[in-house]
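Engineer: Residue numbers (our numbering), protein chains in the order written: chain Y, 1 to 337; chain X, 1001 to 1337; chain E, 2001 to 2390; chain F, 3001 to 3390.
Cβ atoms here follow ideal geometry from the backbone N, Cα and C, with glycine treated the same way.
Bear in mind the structure is a predicted one, so any value in this text is a computation, not a measurement.
Just passing along the structure, written as structure tokens.
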Amino acid sequence: MATQTSTSASSPTQQMTLIQAITDALRTEMRRNPDVVVLGEDVGINGGVFRATEGLQKEFGAKRVMDTPLTESGIVGAAIGMAVYGLKPVPEIQFSDFIYPAFDQIVSELAKFRYRSGGQFKCPLVIRTPYGGGIRGGLYHSQSPEAYFCHTPGLYVVIPSTPYDAKGLLSAAIRSDDPVIFMEPKKIYRAIKGEVPTGEYTVPLGKARVAKEGSDLSIFCYGAMVDVCQKAAERAQEDGINAEIIDLRTLYPVDEESILESVKKTGRALIVYEAPKTCGYGAEIAALIAEKAVDSLEAPVMRVGGFDTPFPYTLEYIYMPHPARVYRAITELAAYQ
Amino acid sequence: MATQTSTSASSPTQQMTLIQAITDALRTEMRRNPDVVVLGEDVGINGGVFRATEGLQKEFGAKRVMDTPLTESGIVGAAIGMAVYGLKPVPEIQFSDFIYPAFDQIVSELAKFRYRSGGQFKCPLVIRTPYGGGIRGGLYHSQSPEAYFCHTPGLYVVIPSTPYDAKGLLSAAIRSDDPVIFMEPKKIYRAIKGEVPTGEYTVPLGKARVAKEGSDLSIFCYGAMVDVCQKAAERAQEDGINAEIIDLRTLYPVDEESILESVKKTGRALIVYEAPKTCGYGAEIAALIAEKAVDSLEAPVMRVGGFDTPFPYTLEYIYMPHPARVYRAITELAAYQ
Amino acid sequence: MAATSGSSSSGASNKSPGLGGKSGAALLQVIRDDEQSAQLPPGLTAEVAKRMYEGMIAVRVYDERSLKLQRSGRIGFCVTSFGEEATQIGTVAALEEKDWIYPSYRQYGVAMYRGVSLAHMAAHLYGNADDLAVGRQMPAHYTFADKNFVSISSVIGTQIIQAVGTAMAAQYKGDDVVSATYFGDGATSSNDFHSALTFAGVSKAPVLFFLVNNQYAISLPVEKQSGLDELYRKGLGYGVHSVRVDGNDVVAVYQATKEAAERARKGQGPTFLELLTYRAGSHSSSDDPSRYRSKEEMDYWKSRDPIERMKKYLQQLGLWSEAYETYTWENARDKINQATSDAEKTSQPAWETLFDHVYADLPPHLAAQRDELMKNESDLKLTNEGEFPL
Amino acid sequence: MAATSGSSSSGASNKSPGLGGKSGAALLQVIRDDEQSAQLPPGLTAEVAKRMYEGMIAVRVYDERSLKLQRSGRIGFCVTSFGEEATQIGTVAALEEKDWIYPSYRQYGVAMYRGVSLAHMAAHLYGNADDLAVGRQMPAHYTFADKNFVSISSVIGTQIIQAVGTAMAAQYKGDDVVSATYFGDGATSSNDFHSALTFAGVSKAPVLFFLVNNQYAISLPVEKQSGLDELYRKGLGYGVHSVRVDGNDVVAVYQATKEAAERARKGQGPTFLELLTYRAGSHSSSDDPSRYRSKEEMDYWKSRDPIERMKKYLQQLGLWSEAYETYTWENARDKINQATSDAEKTSQPAWETLFDHVYADLPPHLAAQRDELMKNESDLKLTNEGEFPL
Ligand SMILES: Cc1ncc(C[n+]2csc(CCOP(=O)(O)OP(=O)(O)O)c2C)c(N)n1
Ligand SMILES: Cc1ncc(C[n+]2csc(CCOP(=O)(O)OP(=O)(O)O)c2C)c(N)n1
Ligand SMILES: [Mg+2]
Ligand SMILES: [Mg+2]
């Protein structure tokens, strides 16, 4: 069942942006466990190009917060070697568009290390990487490659949409015994604020979250699209359409139960994601529903995704799913007879 | 509409295995166009580890059939530079499991070159690579990474299942003005034979093929799975279940029309593929059906895929979809009320 | 490359705060600080020398202009190449127009020297309807097919091996074409630096590798990028002929390039040229270098400004006058200001263009997506407001 | 590394048909052809010398056995390391048990020397239920965590950077541990050769790079793999201390490794060791080398067999006898034959094991897939017959 619960301490909270929550998670986990190390391009003295690691090198030193040469394959490969030895590395890939040079290390090595060694070795680590559009980054600073990793057994894929979840999920990822691809919706790094406990807590991996309860149709989304869907759903609410929004949070392995439960309740499903529509992550959710909840369906399973083109610069506002587009899909879906 | 047609010449034919048909396509296109060059690991004097390029270096010389250093990123990157300049390279990646070091060149460069330059530059080329299980290759000589490429706008993804199609599709790919990932089902390289015209011909990209007509349910598959599905369907026929088999041939962009037409006719759909089930290519076909043919559906859209684990060695026979498993899915699907 | 006339070993590397160079290898230089009178090296005409000077000024003016546009919010992003003008102009001046260029985002000066239209350059800064790349890439990702100036990727290093592929293709076709690629010190760590040098070492294809060592990859100083003091030695690890050049000395860059291009044309294979320079500006308009480097260091390198050094050299040669100086700067400013003002008035690319150039022909699924967009959203009042990217 | 006692420059590289080496750099050697009497170099005891000899013989016997099993169809595939025994045994003998090993598929001899159970090795050849990797990988992909012998990937080169990561981790933790990685001449072209050397050059982590230059990558001779004659120079391109060693001279390999490991332990950073050898057998059981290399070349290298050379050396030292020789071979054969016969009787891994070790805990979707498999297919008579892979 989708959940709001967490192992949250009843500690004091503070207003944070999503990126502040991420920095706070890193700081908190590094204080807690001396084996947690951070590495990546510009993560040290510069604090990361988005400032996610701001202040960490100052507090923990250059041996624990390492500026690396410009090789993503090297960053991930070295992190694997560190994790195999027993450290808990949290490498940063500056933009998820630049994760492809490390694809071989991720898909061939990171994901398969435990399996191929019969459980003798493992390399749990967390790759943090900002993803998605909305910052006018054009082709190479906007991509959403989550589907690739969700087709790669051995990995967890996690995407937060709120500051609270960002800290809790990242903390859980760092404590996990499995490798996690932790993708951060950079569009809302600073746009979304919320109360975040200042102490330690985790939000469990593998559990979706009901972002908005509803009964007429179900929207499945994650990351920056949660906010877009919320805006669209609010507008639809004015028309009397009561949409449920499920924030998937962990994309892989996904919380199947929460998805099917919601669809069985509403009979209608819409999946919203930024990546190119074809073979995107939304395809899996649609397929899951078509396989396991087809008898509940009262309408086609709809997808709103990015167009099947590379990501543009000037016209990104029309490329990315926006509230008006999602709203239109909601009304169509609700009206379907 | 799915098609059997092709621009086949009425030339004489010859019995060939699938891999012989591939060699024949390369030879034929190289004779036809001096700009076609072949490069890869062991493709020259050794004729390729599967012998797909056997005899080519002898006929066309070492400048046209180039043995390269051991770097897939280099092979694809250099091929892109050749294609940008006007050659038509046909690089071979020895096993598709080793395509990941070239993932960046494929996803960031090959797929986006035309788009990012506003059509000023293009780099049409054909990456040939054997894929799939069935040769006892274990984790790293068995993978089916097609879904990754089908989520990458700018690419064509093509997989033949018969010698006739292998030659015709490869010839079409080499003549295409777009980059093509041409994946070869190595399990059936030598297991499947057929009549192949010895002259030039092409089989059009973007068109599926009806491998078996039927009315009770539709099976969508490609590559080595076509034969598996055929065996399963024959068995089901004995039970009076008349399955239609669509061999997709071009996975991306896919022949949507043929898929929807078949499902509308049969009302039942099964997708069979070797890759890990989750977020595999079959998810897209299922999603397509759930989106555009939901009203025709009389049963859940079923998928038989590989398990969501890495590919095993000893137990590959139980990992890969086999006729008995597909047969069971067919009977379940046909019986669904 | 010992034969470059006028070249000499220099102590510059020891004086430069941001520089390794402990072992003090020969750095090719022509414009020397201590020279009282100068001579044009054989093969360099006064005309080309002046054209290079003007070329560097044009790049400087273009950078000043685009930074201003970015600061005032008129364009979303920009990259500058302050201090690196000589690495662009000295190289391109020594190449022929038929030679191919695989640049990184910091070498648009190469295209400018080849005479691309400033209107097109400005259109690209704005990503407007006249942009030859149809507003798809962030500014600084130019493409000029008619100048053999290949489309730029943001992904560091990928162009290096492509340049080798083009050189191999030219070799295969028997064309008298050299392929040249530019990349930074950071890029030397990328996968395709390695694949490129490997392929070049084996194929002996006619390719020139211009390593623009500006001593930083965003915030990372070159000492942390490599265990080597002198990056030109990287080329040696692949059996590729390698030289180290003062990248703020446009004449030395020109000379070294000429010699390397000749080698390539004669079938003597690739050359790896380290052009030692300094990124005098910020990495991009999103970057704040005061976070990671000292004022002293920046000041030192300001004193090594390639335009200033060339100016003195021209003065020594008697090729310079006040009027010439004034005209050159003003002329550049006028043309560039004109181009950017025009570009500002041009509208965005049409929405339909989103779907062009994914493939040679529009496939059915993209036609459907386009039609749906145009049908459903063209009356929505959507605009491109938002934050700016890194 | 000039101080290695007994080392000398050799002309071997010029005599060897498969070898570049035009510039004839010093190749470290201890066992010299022309030596009439020999001495043990300081630091090498007679006991270790003999243990190395026995270790090489064990590898040879293991290879002969696995090839026979493969030829007779009892196992699906095998890799041998004929002629490369010294590169495995000379290195591991000079390391400590606490040091970590990141091997390629051709260095199981390293694990054997550390005393792994032959039963486990044989189980892996068969991919049976006793295989520590649960029958998931093709033969030659051993894993022995208790010997710090890390899981092997088929993907060329990926382990090299991982070894550096482990060395950095040891450095971070302050552990006195060296990380050693093995890879071939082909692997020097891989992405992660480059990332590894880059990271090592900068971090100065305690890592040893053993480049087993057996002069072929399947069919590709090393001259086409790199533009360099002497691959050890690759290390210099990263500022990493580099040496070239006769890889068929187990004593030279031992000496060079000892010295490199000491440097690493003292915090003096990584060493890159080219071990020059020759792949005397086929690439794998799927390969036919007669397609791409001459009998003369193979014969020449047979005359440089590392076991034969060590035998002569031991004879010169008076450490050898007929009885010792006979016992050593027979003992190795007995043990290995016993292990493989036992392995043949062991059943396959249970089907359920397919789903283990994907994650630390079995997630719901995998539990469901497992249960479905067991419910629906366990009464089907499926077996693992089929073709063998490359
Ligand atoms: C593969 C990749 N990784 C990371 C980045 C982010 N990034 C953009 S520029 C840059 C530094 C490049 O440094 P260098 O190669 O020295 O070129 P310079 O900017 O100094 O001209 C980085 C890390 C990228 N664009 N591509
Ligand atoms: C990334 C990658 N590309 C291709 C292959 C196929 N392959 C297996 S071994 C090999 C040659 C390796 O040569 P080398 O590194 O010299 O090692 P050797 O086999 O000689 O020990 C190739 C090309 C692979 N396993 N991985
Ligand atoms: Mg730089
Ligand atoms: Mg080799």
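1. When you measure from the CB of A2217(E) to every non-hydrogen atom of ligand 3, does any distance come out below 7 Å?
2. Which residues of chain F have a Cβ atom closer than 8 Å to the Cβ of S1073(X), listed in chain order?
3. Beta-carbon of K63(Y) versus every beta-carbon of chain F: anything under 8 Å?
4. Could you check the C-alpha separation between Q2162(E) and A1286(X) for me, to the nearest Å?
5. For Y3292(F), which residues from the same chain have a beta carbon less than 6 Å from its beta carbon, with the 5 sequence-adjacent residues on both sides left out?
6. Closer than 8 Å, CB to CB, is K3234(F) near chain E or not?
7. Using C-beta distances below 8 Å, list every residue in its chain close to R363(Y), excluding the 5 sequence neighbours before and after it, in chain order.
8. Hey, would you say the C-beta of G1040(X) is under 7 Å away from at least one heavy atom of ligand 2?
9. Using the rule of at least 16 other Cβ atoms within 10 Å of the residue's Cβ for burial, across every protein chain shown, is D3299(F) buried or exposed?
10. Could you give the first and the last residue of the continuous alpha helix (DSSP H) run that contains P130(Y)?
11. For E284(Y), decide whether its Cβ has a neighbour in chain X, counting only Cβ atoms nearer than 8 Å.
12. Would you kindly check if the distance between the Cβ of S1073(X) and the Cβ of S2153(E) is under 8 Å?
13. Does K2098(E) come out as helix, strand or coil in the three-state DSSP assignment?
14. Given a limit of 9 Å on CB to CB distance, which residues of the segment 291-302 of chain Y reach chain X?
15. Ordered along the chain, which non-local residues of its own chain (more than five positions away) have a Cβ less than 8 Å from that of H3141(F)?
16. Output yes or no for whether 8 Å exceeds the beta carbon distance between T3271(F) and L3208(F).
17. What distance in whole Å lies between the Cβ atoms of L3275(F) and G3247(F), which are believed to be in contact at a cut-off of 8 Å?
18. Mind checking E1316(X): buried by the 16 CB within 10 Å criterion, or exposed?
19. If you draw a straight line from the C-alpha of A3093(F) to the C-alpha of T3181(F), how long is it?
20. For P2139(E), does the three-state DSSP call read helix, strand or coil?
21. Strictly under 8 Å for the Cβ-Cβ distance: is A3140(F) near chain X by that measure?
22. Would a check of beta-carbon distances place S117(Y) closer than 8 Å to chain X?
23. From G3021(F) to L3095(F), what distance separates their C-alpha atoms?
24. Rounding to the nearest angstrom, what Cα-Cα distance links I1093(X) and A1052(X) in this structure?
25. Hey, L1217(X) and A1243(X) are a contact pair by Cβ (cut 8 Å); roughly how many whole angstroms apart?
26. Does the Cβ of G2157(E) have 16 or more other Cβ atoms within 10 Å, making it buried, or fewer, making it exposed?
27. To be precise: take each residue of the segment 3263-3289 of chain F, compare its Cβ to all Cβ atoms of chain Y, and keep it if any distance is under 8 Å. Which residues remain?
28. Mapping the DSSP letters down to three states, classify S3179(F) as helix, strand or coil.
29. Considering only the alpha carbon of each residue, which of A2038(E), M2052(E), E2097(E), G2201(E) lies closest to T2087(E)?
30. Checking contacts by CB at 8 Å: is S2219(E) closer than that to chain F?
31. Taking 7 Å as the cut-off, is the CB of P259(Y) close to at least one heavy atom of ligand 1?
32. Out of R1128(X), A1283(X), E1291(X), A1172(X), which has the shortest C-alpha to C-alpha gap to R1032(X)?
33. Given E3097(F), which residues of its chain have a CB within under 7 Å of its CB, disregarding the five upstream and five downstream residues?
34. Please list, in chain order, all residues of the same chain as M2056(E) whose beta carbon is under 6 Å from its beta carbon, the five residues on each side excluded.
35. Specify, as a first and last residue, the run of the alpha helix (DSSP H) that E1109(X) falls within.
36. Would you please verify whether the beta carbon of D3356(F) is less than 8 Å from any beta carbon of chain Y?
Structural biologist: For this structure:
1. Working through the third sequence from its first residue, we reach residue 2217(E) at position 217. Within the cutoff, so yes.
2. In the second sequence, counting from the first residue as 1, residue 1073(X) sits at position 73. Going along chain F in sequence order, the residues near S1073(X) (Cβ under 8 Å) are N3191.
3. Here residue 63(Y) refers to the residue found at position 63 of the first sequence. For K63(Y), the nearest beta carbon of chain F is closer than 8 Å to its own beta carbon.
4. For the purposes of this step, residue 2162(E) is identified with residue 162 of the third sequence, where counting begins at 1. For the purposes of this step, residue 1286(X) is identified with residue 286 of the second sequence, where counting begins at 1. So the alpha carbons of these two residues sit roughly 38 Å apart.
5. Your numbering for residue 3292(F) matches position 292 in the fourth sequence. Excluding residues within five positions, the ones whose Cβ falls inside 6 Å are S3219.
6. To locate residue 3234(F), count along the fourth sequence from 1; it is residue 234. Chain E contact via Cβ: present.
7. This structure cannot speak to residue 363(Y), because chain Y is shown only from 1 to 337.
8. In the second sequence, counting from the first residue as 1, residue 1040(X) sits at position 40. No; taking the cut-off as 7 Å, the Cβ of G1040(X) has no heavy atom of ligand 2 nearer than that.
9. Taking the first residue of the fourth sequence as 1, we reach residue 3299(F) at position 299. With fewer than 16 other Cβ atoms from the protein chains shown falling within 10 Å of its own Cβ, D3299(F) counts as exposed.
10. For the purposes of this step, residue 130(Y) is taken as residue 130 along the first sequence, with counting starting at 1. Careful: P130(Y) lies outside any alpha helix (DSSP H), inside the beta strand (DSSP E) at 126-131.
11. For the purposes of this step, residue 284(Y) is taken as the residue at position 284 of the first sequence. Chain X contact via Cβ: present.
12. By 1-based counting over the third sequence, the position of residue 2153(E) is 153. By 1-based counting over the second sequence, the position of residue 1073(X) is 73. S1073(X) sits away from S2153(E), with the two beta carbons spaced by 8 Å or more.
13. On the third sequence, position 98 is the one that residue 2098(E) refers to. Here K2098(E) sits in coil by DSSP.
14. For the segment 291-302 of chain Y, which is checked against every Cβ of chain X, the residues closer than 9 Å are E291, K292, A293, V294, D295, L297, A299, P300, V301, M302.
15. For the purposes of this step, residue 3141(F) is identified with residue 141 of the fourth sequence, where counting begins at 1. Sequence-distant Cβ neighbours of H3141(F) in its own chain, meaning closer than 8 Å and more than five residues away, are Y3105, H3124, A3133, S3151, I3152, S3153, S3154.
16. The sequence position of residue 3271(F) within the fourth sequence is 271, counting from 1. The sequence position of residue 3208(F) within the fourth sequence is 208, counting from 1. In this structure, L3208(F) lies closer than 8 Å to T3271(F) by Cβ.
17. Position 247 of the fourth sequence, counted from the start, is the residue given in the question as residue 3247(F). Position 275 of the fourth sequence, counted from the start, is the residue given in the question as residue 3275(F). Contact holds; Cβ gap of about 3 Å.
18. Locating residue 1316(X) in the second sequence gives position 316, where the first residue counts as 1. Result: buried.
19. As a first step, residue 3093(F) must be located in the fourth sequence, where it is residue number 93. As a first step, residue 3181(F) must be located in the fourth sequence, where it is residue number 181. Straight through space, the alpha carbons of T3181(F) and A3093(F) are spaced by roughly 14 Å.
20. If you number the third sequence from 1, residue 2139(E) lands on position 139. The answer is coil: DSSP assigns P2139(E) none of H, G, I, E or B.
21. In the fourth sequence, counting from the first residue as 1, residue 3140(F) sits at position 140. Chain X has no Cβ within less than 8 Å of the Cβ of A3140(F).
22. By one-based count along the first sequence, residue 117(Y) stands at place 117. Chain X places no beta carbon closer than 8 Å to that of S117(Y), leaving this residue out of the contacts.
23. Translated into the one-based positions of the fourth sequence, residue 3021(F) becomes position 21. Translated into the one-based positions of the fourth sequence, residue 3095(F) becomes position 95. No answer about G3021(F) holds up, because its pLDDT of 42 lies below 50 and its placement is not dependable.
24. Indexing the second sequence from 1 puts residue 1093(X) at position 93. Indexing the second sequence from 1 puts residue 1052(X) at position 52. Taking the straight line from one Cα to the other gives about 12 Å.
25. Within the second sequence, the letter at position 217 stands for residue 1217(X). Within the second sequence, the letter at position 243 stands for residue 1243(X). So it is a contact: roughly 5 Å between Cβ atoms.
26. Residue mapping note: residue 2157(E) aligns to position 157 of the third sequence, counting from 1. Taking every protein chain shown into account, the CB of G2157(E) has 16 or more other CB atoms within 10 angstroms, so this residue is buried.
27. Cβ contacts with chain Y: none found.
28. Indexing the fourth sequence from 1 puts residue 3179(F) at position 179. Strand at S3179(F).
29. Residue numbering aside, residue 2087(E) sits at position 87 when the third sequence is read from its first letter. It is M2052(E) whose Cα lies nearest to the Cα of T2087(E).
30. Working through the third sequence from its first residue, we reach residue 2219(E) at position 219. Among the residues facing chain F, S2219(E) is not included, as its CB has no counterpart in that chain under 8 Å away.
31. For the purposes of this step, residue 259(Y) is taken as residue 259 along the first sequence, with counting starting at 1. Checking the displayed sequence, the identity of residue 259(Y) turns out to be Ile instead of Pro. Incorrect: I259(Y) has no Cβ contact closer than 7 Å to ligand 1.
32. Here residue 1032(X) corresponds to residue number 32 of the second sequence, with the count starting at 1. Of the candidates R1128(X), A1283(X), E1291(X), A1172(X), the one whose C-alpha sits nearest the C-alpha of R1032(X) is A1172(X).
33. Your numbering for residue 3097(F) matches position 97 in the fourth sequence. Correct list, in chain order: R3114.
34. On the third sequence, position 56 is the one that residue 2056(E) refers to. Its chain contains E2085, I2089, I2307 as the residues whose beta carbon lies nearer than 6 Å to that of M2056(E), once the 5 sequence neighbours on both sides are disregarded; these appear in chain order.
35. Here the question's residue 1109(X) lines up with position 109 in the second sequence. It is not in any alpha helix (DSSP H) - E1109(X) carries neither H nor E in the DSSP assignment.
36. Residue mapping note: residue 3356(F) aligns to position 356 of the fourth sequence, counting from 1. Interface criterion met: the Cβ of D3356(F) is under 8 Å from a Cβ in chain Y.
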